[in-house]
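One structure is given here, and the rest of the page talks about it.
Numbering (the numbering used here), first residue to last: 4 to 315.
The following block contains the structure:
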């Protein structure tokens, strides 16, 4: 079985401390920087095979299940249980050719070069969002202006209400949850329930491109299933939001827009309770109406009853 071999660079003056040999064609040789093991994308530089040392100090040697060039990237799958998938990307940095090596975990944790806004959506000062009590690892909306209430929802994971009725909901899913619920038809029934609401959507915490990199299911089956559900339920969009943070932001904006578009009945006005009169007030009223009362102390029950009868 072909192997990925990583050795220490014998050149003490080099700022890239590792040499890498990939089993691609006659072999692809790279110099690599960064830390080891890889905690983030590391910079690489192509070198000639002659730079490979005769007696290398091996840092890591791993059998390779797959090493395939796809356009500007090389997909690498190692023969081990964890941290087995990575990608070597040929790109440009500051106008110069560059190569970066990143693991699947690093790519998943990467954040797009955006910062989500903190301004309130749809002009709502404190958006009342209902979070389903069965939702695990629920959104906290820490950067948004919301009031969270946790209770069981008829459908969806997050919703807003009007007049005590659910008017909009968002179902949150990871890519794995999307695939499993699609294959066991649970997603179809969820969409059926969501479609009964005035506003509803499904938000996915990943890129749509990741559908075509699934290993344990045919990507075309998943892509076709998503398309068929969108045609069957056009009023419930399935939105891919790249990261959890962006999915949370999209959920907040969607629910705020739905809340603003819904007529909210005015709160019922409740009459203020009548204020209990003081003993002095009742004493003055009693004397005005010819009732005998003491100058000091408590008033008898009959006096209080007469006053209440006169002031229903």
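Don't be surprised by glycine CBs; every beta carbon is placed ideally from N, CA and C. For clarity, every value in this text was computed on a predicted model and none was experimentally measured.
- Between residue 182 and residue 232 the beta-carbon gap is near 13 Å, outside 8 Å, which marks them as no contact.
- Positions of the beta strand (DSSP E) runs, each at least 3 residues long and wholly inside the stretch 131 to 203, are given as 149 to 154, 161 to 165, 168 to 176 in order along the chain.
- For the beta strand (DSSP E) assignment, the uninterrupted runs of no fewer than 3 residues enclosed by the stretch 6 to 66 are, from N- to C-terminal side, 6 to 11, 21 to 25, 31 to 35, 45 to 49.
- With the rule of 3 Cβ pairs closer than 8 Å, the stretch 128 to 146 does not count as touching the stretch 232 to 245.
- Beta-bridge partners of residue 70 (DSSP): 79.
- Residue 141 has its alpha-carbon roughly 45 Å from the corresponding atom of residue 11.
- Per DSSP, reduced to three states, the secondary structure at residue 290 is helical.
- Residue nearest to residue 145 within the set 22, 248, 258 is 248 (criterion: CA-CA distance).
- Residue 83 sits close to residue 65, with the two beta carbons spaced by under 8 Å.
- Straight through space, the alpha carbons of residue 74 and residue 161 are spaced by roughly 40 Å.
- Here residue 227 is exposed. Its C-beta has fewer than 16 other C-beta atoms within 10 Å.
- DSSP lists 176, 243 as the bridge partner or partners of residue 207.
- Secondary structure at residue 215: helix, using DSSP grouped into helix, strand and coil.
- Residue 306 sits in a helix when the DSSP states are folded into three classes.
- Beta-bridge analysis with DSSP links residue 104 to 45, 91.
- Judged by their CB atoms, residue 7 and residue 81 are nearer to each other than the 8 Å cut-off.
- In this structure, residue 172 lies near residue 200, with their beta-carbon atoms less than 8 Å apart.
- For the pair residue 57 and residue 32, the CB atoms are not nearer than the 8 Å cut-off.
- In this structure the stretch 193 to 210 touches the stretch 249 to 264; the number of beta carbon pairs closer than 8 Å is three or more.
- The C-alpha of residue 280 lies about 41 Å from the C-alpha of residue 168.
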